[in-house]
Each structure stands twice: as structure tokens, then as C-alpha cells.
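First residue of the first sequence: 4, per our numbering; consecutive thereafter.
Every residue gets a Cβ at the ideal spot worked out from N, C-alpha and C, and that includes glycine.
These numbers were taken from a predicted model, which means no experiment stands behind them.
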Amino acid sequence: MISYLSELNSLSESINKAMEEYNIAKPTIYVGEPTDPSYGDFTTNAAFIISKTFKISPYEAAKDLLYKIKVSKEDISGEAHPSGFINFKLTDSFYLKFLNEIIKNKGYGEINISEKKRIIIEHTSVNPNKALHVGHARNVILGDTLYRLFKRLGHQVTVLNYIDDTGVQVADLIVGFKYLGYSLESNDKYDHYCGDVVYVNANKAIEESAELKNKRSEVLRDLEKGGEIYRFARPIIEKIVREQLKSTWKLGARYDLLNWESHFVHGGYWKKMFDLLKEKGLVKFVTEGKHKNCWVLLDKKVLVRSDGTAVYIAKDLTYAAWKLGLIPDDFYYYAFATQPDGTKLYSTSLTGNLKSLYTPADEAYILIDQRQLPLQNLIKETLKALSATKEYKVIAYGLVALSKSTAEKIAKSKIEKDIVHMSGRSGIYYNLDDLMSAIQQVALKLINERNPTLSEKEEVASKVAIAAIRYSLMRPDLDKQIVFDINEALKLEGDTGPYIQYTYARASKILEKANMEVSLLDQLILSEEEKQLLLQMAKYDYYIFKAYFSTSVTSLANYAHELASAFNVFYEKKRVLDEQDETLRKMRLALVYAYKLIIADVMNVLGLPELKEL
RNA sequence: GGGCCCGUAGCUCAGCCAGGAUAGAGCGUCGGCCUCCGGAGCCGAAGGUCGCGGGUUCGAAUCCCGCCGGGCCCGCCA
Numbered sequence: 004m005i006s007y008l009s010e011l012n013s014l015s016e017s018i019n020k021a022m023e024e025y026n027i028a029k030p031t032i033y034v035g036e037p038t039d040p041s042y043g044d045f046t047t048n049a050a051f052i053i054s055k056t057f058k059i060s061p062y063e064a065a066k067d068l069l070y071k072i073k074v075s076k077e078d079i080s081g082e083a084h085p086s087g088f089i090n091f092k093l094t095d096s097f098y099l100k101f102l103n104e105i106i107k108n109k110g111y112g113e114i115n116i117s118e119k120k121r122i123i124i125e126h127t128s129v130n131p132n133k134a135l136h137v138g139h140a141r142n143v144i145l146g147d148t149l150y151r152l153f154k155r156l157g158h159q160v161t162v163l164n165y166i167d168d169t170g171v172q173v174a175d176l177i178v179g180f181k182y183l184g185y186s187l188e189s190n191d192k193y194d195h196y197c198g199d200v201v202y203v204n205a206n207k208a209i210e211e212s213a214e215l216k217n218k219r220s221e222v223l224r225d226l227e228k229g230g231e232i233y234r235f236a237r238p239i240i241e242k243i244v245r246e247q248l249k250s251t252w253k254l255g256a257r258y259d260l261l262n263w264e265s266h267f268v269h270g271g272y273w274k275k276m277f278d279l280l281k282e283k284g285l286v287k288f289v290t291e292g293k294h295k296n297c298w299v300l301l302d303k304k305v306l307v308r309s310d311g312t313a314v315y316i317a318k319d320l321t322y323a324a325w326k327l328g329l330i331p332d333d334f335y336y337y338a339f340a341t342q343p344d345g346t347k348l349y350s351t352s353l354t355g356n357l358k359s360l361y362t363p364a365d366e367a368y369i370l371i372d373q374r375q376l377p378l379q380n381l382i383k384e385t386l387k388a389l390s391a392t393k394e395y396k397v398i399a400y401g402l403v404a405l406s407k408s409t410a411e412k413i414a415k416s417k418i419e420k421d422i423v424h425m426s427g428r429s430g431i432y433y434n435l436d437d438l439m440s441a442i443q444q445v446a447l448k449l450i451n452e453r454n455p456t457l458s459e460k461e462e463v464a465s466k467v468a469i470a471a472i473r474y475s476l477m478r479p480d481l482d483k484q485i486v487f488d489i490n491e492a493l494k495l496e497g498d499t500g501p502y503i504q505y506t507y508a509r510a511s512k513i514l515e516k517a518n519m520e521v522s523l524l525d526q527l528i529l530s531e532e533e534k535q536l537l538l539q540m541a542k543y544d545y546y547i548f549k550a551y552f553s554t555s556v557t558s559l560a561n562y563a564h565e566l567a568s569a570f571n572v573f574y575e576k577k578r579v580l581d582e583q584d585e586t587l588r589k590m591r592l593a594l595v596y597a598y599k600l601i602i603a604d605v606m607n608v609l610g611l612p613e614l615k616e617l
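Below is the structure:
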């Protein structure tokens, strides 16, 4: 596929080759986007290095170097700038080839990475005792978008969701049901009921009562060994998980496999892991000091207590090793659910007849919030010591906190701090489902005002909400903390997901009204707006790769907005259907057609639903 | 005490990893644009000591060091 990236690569090669003629040792030059688009489409600072070495002016060096650069004059034109930069512009000939390829392929076609990998990505993994809040949503969205990106590049990807069904949070909930008399049924969505009512109140009661604390320990022990209380808890937990899944499916996410912590515990996987660690000498038994009688991992962290029980990280470590096939997979599998995209979601089991559905991965990605980074890095370090070829990749993101005003709304009281961290235990959080319906209502109101005859308004409004939420949570840099404010979240204009959806609808409308086949072109007569639009379209694979190599979708989301913006400018300035000149009309129609294909491709990777009308 | 992350326009954020040419968006403010493929849009204006100080460099928002502010982590909890 001819594109901005393919031209950049060949230009870069040409420049490096030309540089060899100067015999400068290891020159590090920049070839890429200029700071300001008005300078051109590519720029290089190579002349500065020549200038420095040979003590000539940067401008002279630039002119000399430009003369030596062998580049397809048909597709790229170069110019030495008095400042010393050499700037390059893509020509109409390039744009014509590019546009015709898009038309011919009906899109970008495959964007392939040379080395195909088996990738596992684990995301969501929310404790199964409550509904997802907006903090969890960041995890789901980043994870699902990376999954889509990996798929787009042709990797073989498996998405995992880990269910911690033997932890304290679940134990609290079960204490609520078993000893505090909470009803097992509710008219509310079950995950909301369990989290908002049973868990919050049970946790509070347990904290205030030694007797209940004992009960909780009893529950925890039983969950670990898979006894009577575990069998009581299991259907409750499954019911919650199914509700949680509904929320994530609504966002457009999907999974391949659910891993239950209890299956790892009851299946004896920890013992296999522990043996492996001992065999490789990564754990040591300590005979004196404060860690006397404990097993310590990499001289850093207690892994097995002096009473012989394993600490929490042991489970995570076991799971991580299992993903990469460092300990064997003895699970059975069964189809747990059929997802909205038609695929089956499988679950592990300790009994059954389906085996080996799962393939150990070359690379295992995990999405976590920054607080878990030290522990996950320790796991990464341990796995590295166990395998030289397999890679454990930790993607950490900043926390989602609540703005003061949003927190005050939830707590129904005055709050001193500027931001408030969400907490399931204390009931301070904003549920994802509530956010979805709040945005949906705003969108519905807009539709009723502006397009009252639209069919399936609810459905459309829901898709607008998905785009709004996904975009707002994937757009900020991973390192950035997000302060969630409900009033901000309800805005659907400007740099938002719906802005991008809107341009898709505009393009769709034009093509629908044109009602004709788009054919290959033999010439282009481009205005500045049209050239800008084409340039942005040509940059798609460049940003796909950028996102992949940085494992960050920030720049891709940003690109989607810039591409959409270029279309809106074009749309504003140039008429398509009522253009009198037939050549221009055909060309613009082809542009709209190509735009629709590419923006749809980007939207699909980002998980923003396409809307023909809104 | 040790460590991680953030600090760019009134607000929310790109740009920093691979240092270069007048630091970009969105929201908000002010002013324009629907006889026109849909105004969830477009155009323009105002608005910035890139937290502060030092260093490296011909050149620093970007790299290094030190401060200051904000968030977080550091258990034989999970």
C-alpha cells in the first residue's frame, strides 16, 4: 500500500544513503513530520550535521545534500530552506496513486507487521462483587482498543478476563448474604445491587464486629478449599459476572476466556509454580531475621508465610506464568456465553471434556492501574528469569478519580479535597452503566431536537454514548490521572467521539444521495482542503504503527480527530453533489468515498460505532 | 526514610520517548457563517515566564541535576 509511511520510509532510506557520501561517522538524523505543516509533509535536519562537520552554512549543506538525495521526483518534491532544513512535499501524482489504491482495495487493506505473534491480553479483571465504575471502564477500553489494534496488524490475539472469586471482596459479599440476611434476589441490576447495597453495608458491619471478622475468615478459607460456602457463592458470583459482562459488551468489548482464581487454587497450580520457582532457585527459604521461616522471591518479597500459606502475589505470578505456558494448562473448557459479536466466550473448568483450547502466548499484556506497577514489575522480572523468549508486558495507566463536584453529588455532602478517589467499599464511585444511560439521555434529547424523524433513536443514542465514553477515556496519555466530572462527560461537541461519528454520517449521506459507483480517477485537481484531507488519510498506517510500537492509543485517537477535522473543513468549503464540473464532482465523490472507508477503519480499531445517521 | 507518575492558555489536554524553524487542539469568552450535500459543524479574535532554578548543546517544553506543588506505591493484607 502506498501511503505517507511508505514514502517516509523510502525517503528516509534515500537520505541516509546520500549521507554516506559525506563519510560522517554514525550520523543520527531526523526524517519525519515538520513542526509546522506549512513547511511541508516531511522534513530532515540532516544538513545541520553536514554543516557542523564541514564548517559550511546549513543552507549550503542543505542544497548540496538535496542534490545527492535520490528520491522519486514523481511522488515527492524537495526544497532546501534557508534555515538549513530540507522540506519535502507529496505531489499530486502521489495522491492520485494513493486515492486509486484505496478505491481499488475498498480501503487500506491489510496493514501487516512482519513478525506475527501469539498475543494474550488480560483486561477488565474486576472483583466479582460489584458493578463496574468509570475507573474500571478505563481498563476495559484501553484493553479492548489494544486488542483491536493487535488484530488489525494481523496478530493472533486472545483476550482474558480474570475473575478473583476467592478474595476478601467476595468474602465480604458472601458474609452479607449468609449472616446479615440480605436477600439473594433484587429487582435492580444484580451487580449494582450487590455492590451498592450488600457489599458496602456488609463491609461496614464487618469492620465493626470481631465476630463477623471471624465469619469472613471462615468464608475465605472455604472459598480457598472449595467447600460448602464456595458452592453457595458460586452461582451468586456467576450472576454478577454476567451482569458485569453486559456492561463491558455495551462498550463494545469482547473476551475469549474467563479465568477463575478458584480454578487455579483448586487445580493445584500454585504448587506447580512453587516447585518451578524452587527448581530455578528464584525463591529462598529464610532461616533467620524478620523473614524467618518464609520463602522469599528474588530476595525482595515474601511469597510464602512462615505458616506455609502463600501471599496474594503468588496467585498473580502463577496466572502470569500460565499465560506464557511456563506451567502446563490442565484446564477443561466450556462455552460460558455467546457475545454480541457472535463469538463464544469460554470459561475454564476443572471437569469436562473440552481441552487445550488455549495456546500459550509469546507475549502476555496486562492492563493495570499505576498502583499495581511495583508488584507487576516483580512478576515481570521473575518471568524473565524463567524464560528468555517469552515476554510479559505491563501496561499501567493513571487512576480515574472524581472531581470535587461529582464526588459531592454522590456523597451528598460537602467535600474538602479537589479530587476524590473512588472506593467500592465506601460507596464513592460513578458506575459505568449510569454514565452510559446519562449520556444516552443527552444524546436522545439532541436527536429529538435536531432529527426527530430518525428511526431507532435509542439505539443511535446508545452508540453515541459508547463513542463519547471510549474516546474520552482512551484519549488522555496513559501516565495521566483522569479527573472524571459528570458535567464534562455529558458534553458531546468538539474533541469527542461523537464529532468523529458525525463526519462518518456526513460522508454516508453524500454517498447515499449520489447513488453511483465510484470509479478510478485519471487526474486530480486539488484545492488546499482536499490535499489536506488526502494527506491525513494517507497517514493512517503511520499512526497504526506508532500506536503499536508505543502500546498507546493516545496518538491514534488524536489522529482520528485530525482526520475527521480535515473532512469537516473540506465539507464546509467544497460542494460535492451540486458541483457543476463533472471531473471535480467525480473526484470529490471519490474523496468522500475513500474518507468513509478510512474513518470506518480507524473507528473500528478505536471501537467507536459507525452511524450512518444521527 | 525509599521509589513511581504528573505539572504546557481561565479549564481539559496533545506535543516530550528519537532536542531544531512563529509551542498546538478542545471547552469557555468575544465576533462572524444555515436561499447551501445535516450547524453534534466551519471561520476569526483574545488568551501561554511550557511549575521554579541550574547544567549539557550552535539550539531545550523535549535530555541531565536540584528544588517546589499535586497524585500514588513501599505488609508474613488482598
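Check, Outcome
"In or out: Tyr-395 buried (at least 16 other Cβ within 10 Å) or exposed?", "buried"
"Does the contact criterion of 3 or more C-beta pairs under 8 Å hold for the segment 107–116 versus the segment 216–230?", "no"
"Can the beta-carbon of Phe-334 be found less than 7 Å from the beta-carbon of Thr-351?", "yes"
"If you reduce the DSSP assignment to three classes, tell me which class Gln-526 lands in.", "coil"
"Cβ of Tyr-202 within 7 Å of Cβ of Lys-283?", "no"
"Could you tell me the distance, in whole angstroms, from the CA atom of Leu-580 to the CA atom of Ile-89?", "40 Å"
"Return the first residue and the last residue of the beta strand (DSSP E) that Gln-379 is part of.", "Looking at the DSSP string, Gln-379 is not in any beta strand (DSSP E); the run it does join, the alpha helix (DSSP H), is 376–389."
"Between Leu-481 and Ala-550, which are expected to be in contact by the criterion C-beta below 8 Å, what is the C-beta distance as a whole number of angstroms?", "Not a contact, Cβ separation roughly 12 Å."
"Straight-line CA distance for Ala-208 to Leu-405?", "26 Å"
"Where does Lys-396 fall in DSSP's three states?", "strand"
"Buried or exposed for Asp-310, please, with buried defined as at least 16 other CB atoms from any protein chain shown within 10 angstroms of its CB.", "exposed"
"Let's see if you can read the secondary structure: which residues bound the beta strand (DSSP E) around Asp-147?", "It is not in any beta strand (DSSP E) - Asp-147 instead sits in the alpha helix (DSSP H) that spans 137–155."
"Only counting runs of 3 or more residues, tell me where the beta strand (DSSP E) segments fall wholly within the segment 440–527, in order along the chain.", "485–487"
"Looking at the strands, I want to know which residues DSSP matches up with Ser-350.", "Leu-261 and Tyr-337"
"Can you list, in chain order, the residues of its chain with a C-beta nearer than 7 Å to that of Val-137? Leave out the 5 residues immediately preceding and following it.", "Val-403, Tyr-433, Leu-435, Leu-438 and Phe-487"
"Could you tell me whether the segment 377–390 touches the segment 444–461, using the rule of 3 or more Cβ pairs below 8 Å?", "no"
"With DSSP collapsed to three states, give me the class of Arg-237.", "helix"
"Below 7 Å between beta carbons: does that hold for Ile-124 and Val-162?", "yes"
"Leaving out five residues on either side along the sequence, give the residues of the same chain with a beta carbon under 6 Å from the beta carbon of Lys-534.", "none"
"Taking the straight line between their C-alpha atoms, what separation do you get for Leu-587 and Ile-528?", "7 Å"
"Rounded to the nearest angstrom, how far is the Cβ of Leu-1 from that of Ile-485, given a contact under 8 Å?", "The first residue shown for the chain is 4 and the last is 617, placing residue 1 beyond what the model contains."
"Candidates Lys-71, Trp-325, Leu-536 and Leu-600: which alpha carbon is nearest Ser-390's?", "Trp-325"
"State the Cα-Cα distance for the pair Gln-172 and Ile-450, rounded to the nearest angstrom.", "41 Å"
"Report yes if the C-beta distance between Thr-169 and Ser-15 is below 7 Å; otherwise report no.", "no"
"Span of the beta strand (DSSP E) holding Asn-631?", "The structure shown does not extend to residue 631, since the chain spans only 4 to 617, so no value can be given for it."
"Can the beta-carbon of Leu-493 be found less than 7 Å from the beta-carbon of Pro-501?", "no"
"Are the segment 601–613 and the segment 505–512 touching by the rule of at least three beta carbon pairs closer than 8 Å?", "yes"
"Reducing DSSP to helix, strand and coil, say where Tyr-193 ends up.", "helix"
"Note down the Cα distance separating Gly-610 from Met-477, rounded to an integer number of angstroms.", "10 Å"
"What is the rounded straight-line gap between the Cα of Ala-140 and the Cα of Asn-206?", "24 Å"
"So who's on the other strand from Asp-372, going by DSSP bridges?", "Tyr-400"
"Just the C-alpha distance for Pro-331 and Ile-243, rounded to the nearest angstrom, thanks.", "29 Å"
"Answer yes or no: do Val-572 and Glu-532 have a C-beta to C-beta separation smaller than 7 Å?", "yes"
"Between the beta-carbon of Leu-93 and the beta-carbon of Asp-147, is there less than 7 Å?", "no"
"Taking the Cβ atom as the reference point for each residue, do Met-425 and Ile-418 lie within a distance shorter than 7 Å?", "no"
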